[in-house]
Every structure is written in C-alpha cells, then in structure tokens.
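Q: Quick one: this structure, given as structure tokens, is what I'll be asking you about.
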Amino acid sequence: QVLVKGGKGLGRTGSYKVSATHADGWRAVTTLTLAAIDAPAKAERVAEAILTRCRRIFRDKNLGDFRQVSTEVLGAEAAYGANARAQTREVVLKIGAAHDDRRALNIFAGEIAPMAISTAQGLTGFFAGRPKVQPVVRLFSFLQDKSATPVAVEVDGKDVPVTVAAKAVALEAPAAPQAESRDAGPDAVNVRLVDLAWGRSGDKGDIANIGILARKPEYLPYIRSALTEETVKDYFAHLCDGAVERFDLPGSHSLNFLLHESLGGGGIASVRIDPQGKGFAQMLLDIEIPVPAKMAARDGLRSAQSA
Numbered sequence: 007q008v009l010v011k012g013g014k015g016l017g018r019t020g021s022y023k024v025s026a027t028h029a030d031g032w033r034a035v036t037t038l039t040l041a042a043i044d045a046p047a048k049a050e051r052v053a054e055a056i057l058t059r060c061r062r063i064f065r066d067k068n069l070g071d072f073r074q075v076s077t078e079v080l081g082a083e084a085a086y087g088a089n090a091r092a093q094t095r096e097v098v099l100k101i102g103a104a105h106d107d108r109r110a111l112n113i114f115a116g117e118i119a120p121m122a123i124s125t126a127q128g129l130t131g132f133f134a135g136r137p138k139v140q141p142v143v144r145l146f147s148f149l150q151d152k153s154a155t156p157v158a159v160e161v162d163g164k165d166v167p168v169t170v171a172a173k174a175v176a177l178e179a180p181a182a183p184q185a186e187s188r189d190a191g192p193d194a195v196n197v198r199l200v201d202l203a204w205g206r207s208g209d210k211g212d213i214a215n216i217g218i219l220a221r222k223p224e225y226l227p228y229i230r231s232a233l234t235e236e237t238v239k240d241y242f243a244h245l246c247d248g249a250v251e252r253f254d255l256p257g258s259h260s261l262n263f264l265l266h267e268s269l270g271g272g273g274i275a276s277v278r279i280d281p282q283g284k285g286f287a288q289m290l291l292d293i294e295i296p297v298p299a300k301m302a303a304r305d306g307l308r309s310a311q312s313a
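Everything in the sequence shown is counted per the working numbering, starting at 7 for the first residue and increasing by one.
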C-alpha cells in the first residue's frame, strides 16, 4: 500500500489538451544480420552502399532525396553514441528511411535483398523479407479554448444535457523547498548513477522524458550537482537536437529531464530503433557521479572503474 498526503492541485484550466494527427509522408525500416570480422564497420559500409545506390536511382527518376535516414548497428551499442564500449563480431544492421514519395521507398525496399546477398561477406539473417512501406502519421498537440468548443453528449440516440466548467480556476502553486546541490569534495569517488538512483524513461511526442529517483535522500544533492542540463545534453548529443530541461520533484528525492527533439519525430513518425525513448534512462544510469569517499565506503559503493 502507498499513502499519499498533502497533495494539492492547481485548479482546472480554461482549455482542453488536444492530440491531433496528420499524414506526413512514408517510412520503411529493415534489418540485416552480419557475422564477420570488423562487423560494425562492415555493417556501416553496407548501409552506405544501399543508400548510395538508392539515391542514384532517385536522381534518375527525379524523386528527390530521403527526408530522413537512420542507420543503427545493433549489438555495437549504437544507441550509446560516443559512450559505446562494445566490440563484437555479430551485429544487426537496421536501416530506416522516410520520403515524401511512396515510389521512392518502394525502390528502397526492392534494393535490400539484392544488396544483402551481393555485398559484404557474412551478411545473413534477412528474415523479415522486403520491408513494408508505411504511412507516417505525425502527432501535433495543442490547447483548445473550452469556451470555443461545443460539447454534446448522446446516450442511446438521445441528447443528454451537460454542463461544462469552461472557466479557469487559478490557484497559487505551493512554495517548493529550495533544492540543494552539493560538491563531493577533494576526496570524491566516481560511482555509477545506477548505484545511487533508479531511472525510468518514455516519450511525449518528440520529447524524451527521463525520471531519476535517488535510492537515498542524501544522494540527491550529489546527483543534482553532477547531473546538470548541460551534462545530460552532452551525454545524449548523438540523439538530442533540442534543449534539455531539468525539473526538481520535491518530496520524492527526484529529478525529471525533458530532452526536446530527441526521438526523430517520435512514435511512428520516427525511423529510429528507440522512437519512444524507453532506453534513455538505462543509458543515463551508466554515467559517473562524484560522491564523498566516506559515503562510498559507508554504503559499499564501488568506484565506476572497478564496477
């Protein structure tokens, strides 16, 4: 059981939140398995060859270039960008592409199998067959004034009277306690964030949302000191094209990060392997956080180098 006390809302708003979708081009995604010496580099070269050939055909047919391309070598920690450590001889090459013209992606889909059997040695596992061309459905969220939005309720074919509270109710937000950041000092030990906190992540359109919850309240000031907006932005530089915002969550010993323009459009509009940001928290939990040596010794926290 969980007991929550002292919660207070901020009053209703004068608007509805609307999530609208619209058609926005076409997408296709394919995967190939490669087992070979220098597998990650070979996979990148195969992707380059496929895309180069497609672009040459596009030019001949005046179809224009891809709108978006995402090449990720899975198994080589592609999701980690500059933070990757894996060396492997077996990978899965994922190529995702978007285009304004369905005909262009039909060409792309038709080039995968021939290139898969006639380029790099070690290519195998073309299990999914020809990639399917799908429409891109893009999300657009906005606020709609309640007073300008007629509301009707119908039950069993009959209109039912309904009263809508359209007027906003303004309530002052309670004052939040001052959040504290604390330097670990000259005897600091670097430990992995996963030893200090739990993390969970997800999406809001093209925004990745990362929640970090300290395992102990006394860990939060050191986490907050190290985990700045700039640090998180740099850590996800290979994925995040927009700004990073950090929010304190008083009472829960937590931080919440919003990474704007980080999901390649988000949802089915994206051709990335993680269009909903589900892996972002797990990646961030590997970052190193300085803590006082006494705290590390007391709690049995191993240094990041020995972990």
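For each residue, glycine too, the CB sits at the ideal point set by N, CA and C. The structure displayed is predicted, hence computed values, not measured ones.
Helix, strand or coil, according to DSSP, for Asn196 in the structure here?
A: Residue 196 sits at position 190 when you count from the first residue of the sequence shown. DSSP places Asn196 in strand when its eight states are reduced to three.
Q: With distances taken from CA atoms, which of Lys284, Leu245, Ser207 is nearest Ala88?
A: Numbered from 1 along the sequence shown, position 82 holds the residue referred to as residue 88. Selected option, being the one with the closest Cα: Leu245.
Q: Hey, how far is the Cα of Ile101 from the Cα of Thr58?
A: What you label residue 101 is simply residue 95 of the sequence shown in a count that begins at 1. What you label residue 58 is simply residue 52 of the sequence shown in a count that begins at 1. Ile101 and Thr58: Cα-Cα distance of roughly 13 Å.
Q: Please classify Glu54 as buried or exposed, where buried requires at least 16 neighbouring CB atoms within 10 angstroms.
A: Taking the sequence shown and counting its residues from 1, one reaches residue 54 at position 48. Exposed, since its Cβ has fewer than 16 Cβ neighbours within 10 Å.
Q: Check the C-beta distance from Gly272 over to Asp209 and give it rounded, since I have them as a contact under 8 Å.
A: To locate residue 272, count along the sequence shown from 1; it is residue 266. To locate residue 209, count along the sequence shown from 1; it is residue 203. Gly272 to Asp209, Cβ: 6 Å. Contact.
Q: For Val75 versus Val97, is the C-beta spacing smaller than 8 Å?
A: Reading the sequence shown from its first residue, position 69 is the one you call residue 75. Reading the sequence shown from its first residue, position 91 is the one you call residue 97. Not in contact: Val75 and Val97 (Cβ atoms no closer than 8 Å).
Q: Look up Gly211 in the DSSP assignment and give the residues it is bridged to.
A: One-based indexing of the sequence shown puts residue 211 at position 205. According to DSSP, which records beta bridges pairwise, Gly211 is partnered with nothing at all.
Q: Determine the burial state of Leu129: buried for a count of at least 16 other Cβ atoms within 10 Å of its Cβ, exposed for fewer.
A: Within the sequence shown, numbered from 1, the residue matching residue 129 stands at position 123. That one is buried.
Q: Within the continuous alpha helix (DSSP H) that includes Gly128, where are the two ends?
A: Numbered from its first residue, the sequence shown carries residue 128 at position 122. First-last for Gly128: undefined, no H or E at that position.
Q: Within the same chain, show all residues whose beta-carbon is closer than 7 Å to that of Phe72, passing over the 5 residues directly before and after it, in chain order.
A: Within the sequence shown, residue 72 is the residue found at index 66, counting from 1. Closer than 7 Å at Cβ, skipping near neighbours: Ala103, Ala104, His105.
Q: With contact counted as at least three CB pairs below 8 Å, one residue from each stretch, are the region 195-212 and the region 272-282 in contact?
A: At 8 Å Cβ cutoff, the stretches touch.
Q: My output table needs one value for Gly31: the three-state DSSP class, helix, strand or coil.
A: Here residue 31 refers to the residue found at position 25 when the sequence shown is read from its first residue. DSSP places Gly31 in strand when its eight states are reduced to three.
Q: Compare the beta carbon distance of Ser260 and Ile293 with 8 Å and say whether it is the shorter of the two.
A: By one-based count along the sequence shown, residue 260 stands at place 254. By one-based count along the sequence shown, residue 293 stands at place 287. It is not a contact, given that the beta carbons lie outside the stated cut-off.
Q: Taking the C-alpha atoms as reference points, what is the distance between Ala238 and Gly205?
A: Taking the sequence shown and counting its residues from 1, the one referred to as residue 238 is at position 232. Taking the sequence shown and counting its residues from 1, the one referred to as residue 205 is at position 199. Per the sequence presented here, residue 238 reads as Val, with Ala not at that position. Cα-Cα distance, rounded: 14 Å.
Q: Tell me, please, which residues DSSP counts as bridged to Phe146.
A: Sequence index remark: in the sequence shown, residue 146 carries index 140 (1-based). Looking at the DSSP assignment, Phe146 forms a beta bridge with Ala26.
Q: Is Pro256 buried or exposed, if buried means 16 or more other CB atoms sit within 10 Å of its CB?
A: For the purposes of this step, residue 256 is identified with residue 250 of the sequence shown, where counting begins at 1. It is exposed - the Cβ of Pro256 has fewer than 16 other Cβ atoms within 10 Å.
Q: If contact is defined by three or more beta carbon pairs under 8 Å, each pair taking one atom from either stretch, is the region 189-197 in contact with the region 295-306?
A: As far as the Cβ criterion goes, the region 295-306 touches the region 189-197, which means the pair count is three or higher.
Q: With distances taken Cα to Cα, identify the nearest neighbour of Ser147 among Gly116, Lys23, Tyr86, Gly13.
A: Locating residue 147 in the sequence shown gives position 141, where the first residue counts as 1. With distances taken between Cα atoms, Ser147 lies closest to Lys23.
Q: List the residues that DSSP assigns as beta-bridge partners of Arg252.
A: In the sequence shown, the residue the question calls residue 252 occupies position 246. According to DSSP, Arg252 bridges with Phe263.
Q: Is Ser153 helix, strand or coil by DSSP?
A: As a first step, residue 153 must be located in the sequence shown, where it is residue number 147. Helix, per DSSP.
Q: Quick one: Cα of Val175 to Cα of Asp240, how far?
A: Against the sequence shown, residue 175 aligns to sequence position 169. Against the sequence shown, residue 240 aligns to sequence position 234. One C-alpha to the other measures close to 40 Å.
Q: Candidates Gly81, Thr94, Leu290: which alpha carbon is nearest Leu202's?
A: For the purposes of this step, residue 202 is taken as residue 196 along the sequence shown, with counting starting at 1. Of the candidates Gly81, Thr94, Leu290, the one whose C-alpha sits nearest the C-alpha of Leu202 is Leu290.
Q: Once DSSP output is grouped into helix, strand and coil, what is the label at Thr141?
A: The residue you call residue 141 lines up with position 135 of the sequence shown. Here residue 141 is Pro; the residue named in the question, Thr, does not match the sequence. Here Pro141 sits in strand by DSSP.
Q: Assign Gly270 to buried or exposed, taking buried as 16 or more other Cβ atoms, counted over all protein chains shown, within 10 Å of its Cβ.
A: The residue you call residue 270 lines up with position 264 of the sequence shown. So Gly270 counts as buried.
Q: Can you name the residues that DSSP bridges to Arg206?
A: For the purposes of this step, residue 206 is identified with residue 200 of the sequence shown, where counting begins at 1. Answer by DSSP bridge pairing, in chain order: Gly217.
Q: Taking Gly131 as the reference, which of Ala122, Glu83, Arg278, Arg61 has the closest Cα?
A: On the sequence shown, position 125 is the one that residue 131 refers to. Minimum Cα distance to Gly131 is reached at Ala122.
Q: Taking all protein chains shown into account, do 16 or more other C-beta atoms lie within 10 angstroms of the C-beta of Phe286, making it buried, or fewer, making it exposed?
A: Along the sequence shown, one-based indexing puts residue 286 at 280. Per the 10 Å Cβ criterion, buried.
Q: Please report how far the alpha carbon of Asn196 lies from the alpha carbon of Pro296, in whole angstroms.
A: To locate residue 196, count along the sequence shown from 1; it is residue 190. To locate residue 296, count along the sequence shown from 1; it is residue 290. If I take the Cα positions, the gap works out to 4 Å.
Q: Are there 16 or more other CB atoms within 10 angstroms of the CB of Ser276, so buried, or fewer, so exposed?
A: What you label residue 276 is simply residue 270 of the sequence shown in a count that begins at 1. When all chains shown are included, Ser276 counts as buried.
Q: On a CA-only basis, which of Asp254, Gln7, Ala232, Ala45 is nearest Ala181? Give me that one, please.
A: As a first step, residue 181 must be located in the sequence shown, where it is residue number 175. The shortest Cα separation from Ala181 among Asp254, Gln7, Ala232, Ala45 belongs to Asp254.
Q: Quick check on DSSP: helix, strand or coil for Gly102?
A: Against the sequence shown, residue 102 aligns to sequence position 96. In the structure shown, Gly102 sits in a strand (DSSP, three-state: E or B).
Q: Of the residues Gly12, Arg308, Leu40, which one's Cα is nearest the Cα of Gln127?
A: In the sequence shown, residue 127 corresponds to position 121, counting from 1. Among Gly12, Arg308, Leu40, the Cα nearest to that of Gln127 is on Leu40.
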